[in-house]
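Here the protein sequences line up with chains A and B, keeping their order.
Under the numbering used here, think of the first position of the first sequence as 4, with each following residue one higher.
Under the numbering used here, think of the first position of the second sequence as 4, with each following residue one higher.
The C-beta atom is built at its ideal place from N, Cα and C for all residues, glycine as well.
Take a look at the structure below.
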Amino acid sequence: MTIKLVFLGRLEDLAGAGEMLLPLDEPQALPAILAGLPADLAAALQGPKVKLALNGALLPPGAEPVLADGDELAFLPPVSGG
Amino acid sequence: MPADVRLAEAPFVPDAEIGAFARAQPQAGGLVSFTGQVRVDGPAGAGDVEALELRHYPPLTLPGMRALADEALARWTLTGLLIVHRIGVMLPGDPIVLVCAAARHRREAFAAADFAMDHLKSESWFWKREKRGGLWRWVEPRAQDHADLSRWQNARA
């Protein structure tokens, strides 16, 4: 199974790409997924101002989703529009 | 009255949008528009801005803008509301955002346009970076933007 991580804003620069496809053997909770990423990226993704969206729906603060095949998890740092 | 809410991937002409919007609002007594554009000289003193890029996240950005428009329509009695926001790479002088609000009387139009802009700046799903001296740098939100947003939280309708 494969999941997709999406990095917005400055997180894209840290990750080196806007998206990352990760193969999983079985559904995994967020901490286990972050543990497999480079330490500086994992730390930035867990920043207090980074929000999460699972399959296009915003998650409440502190949520630790379990990701399964086909899931898309987006990491959303503070916005700056207009 | 549904709002007209759009993401623009290519340059748009605010004057043409405002004109078409005004012609469709014969029952309005007042129309307020705000245009945001790419500034030549930024505040950081690090030289002139060569380009600006707005990124978005499609599953959230346009739905969030529509929810914002619905909230404005619920708070004020408007005859029409238009929101156009650019994404992609822009050059100095290019329009970034246009908000038009029309109402029978001016106060509602002023307030709705002000409300929509404050929320587009700091609560909508956009990420901005600018190019200076050949280098791209992400723009962090300003404390003033959050202060502007907080004005509306003490005055929920």
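So, at 6 Å on beta carbons, what are the nonlocal neighbours of residue i in its own chain, with the 5 sequence-adjacent residues on each side left out?
i: LEU85/B; result: ASP7, PHE24 and CYS103
i: ALA160/B; result: Confidence is the limiting factor: at ALA160/B the pLDDT is only 43, short of 50, which leaves the residue's position unreliable, though a coordinate-based value still follows. Correct list, in chain order: ARG78.
i: GLU143/B; result: none
i: LYS134/B; result: GLU53 and ALA54
For chain B, check one thing: does any of its Cβ atoms lie closer than 8 Å to the Cβ of residue i?
i: GLY73/A; result: no
i: LEU25/A; result: no
i: PRO2/A; result: No statement about residue 2/A is possible, as the shown extent of chain A runs from 4 to 85 and does not include it.
i: GLY19/A; result: no
i: GLY59/A; result: yes
i: GLY85/A; result: yes
Using the rule of at least 16 other Cβ atoms within 10 Å of the residue's Cβ for burial, across every protein chain shown, is residue i buried or exposed?
i: ASP18/B; result: exposed
i: GLY84/A; result: buried
i: THR64/B; result: buried
i: ALA66/A; result: exposed
i: TRP1/B; result: The first residue shown for chain B is 4 and the last is 160, placing residue 1/B beyond what the model contains.
Cα-Cα, which of the options is closest to residue i?
i: ALA32/A; options: LEU61/A, LEU57/A and GLY84/A; result: LEU57/A
i: PHE113/B; options: ALA27/B, TRP79/B and GLU74/B; result: TRP79/B
i: ASP97/B; options: GLN147/B, GLN28/B and VAL52/B; result: VAL52/B
i: PHE37/B; options: TRP130/B, PHE129/B, GLY136/B and MET120/B; result: MET120/B
i: LYS54/A; options: VAL9/A, THR5/A and GLY84/A; result: VAL9/A
i: ASP72/A; options: ARG13/A, PRO26/A and GLY21/A; result: PRO26/A
i: GLU12/B; options: ALA150/B, ARG89/B and MET93/B; result: ARG89/B
i: ALA37/A; options: PRO80/A, PRO63/A and LEU76/A; result: Checking the displayed sequence, the identity of residue 37/A turns out to be Leu instead of Ala. Ranking PRO80/A, PRO63/A and LEU76/A by Cα distance to LEU37/A puts LEU76/A first.
i: ASP28/A; options: ASP43/A, ALA42/A and ILE6/A; result: ILE6/A
i: LEU44/A; options: VAL82/A, ALA60/A, MET23/A and PRO30/A; result: MET23/A
i: LEU17/A; options: VAL87/B, TRP141/B, ARG109/B and ALA146/B; result: TRP141/B
Counting only the same chain and skipping the five closest in sequence on each side, list residues whose C-beta sits under 8 Å from that of residue i.
i: TRP155/B; result: PHE118, ASP121 and HIS122
i: THR82/B; result: MET4, GLN28, GLN30, ALA31, ALA105, ALA106 and ARG107
i: MET93/B; result: PRO14, VAL41, ALA54, LEU55, GLU56, LEU57 and ILE99
i: LEU62/A; result: LYS54, LEU55, ALA56 and PRO68
Please decide whether residue i counts as near chain A, where near means a Cβ-Cβ distance under 8 Å.
i: ALA39/B; result: The question names Ala, yet the displayed sequence has Gly at residue 39/B. At least one chain A Cβ lies under 8 Å of GLY39/B.
i: HIS108/B; result: no
i: TRP155/B; result: no
i: LEU63/B; result: yes
Within the same chain, show all residues whose beta-carbon is closer than 7 Å to that of residue i, passing over the 5 residues directly before and after it, in chain order.
i: ASP148/B; result: LYS124 and SER125
i: GLY21/A; result: VAL9, PHE10 and GLU15
| Taking contact to mean at least 3 C-beta pairs separated by less than 8 Å, is the region 32-45 of chain B in contact with the region 41-53 of chain A? | Judged by Cβ distances under 8 Å, the region 32-45 of chain B makes no contact with the region 41-53 of chain A, as fewer than three pairs qualify.
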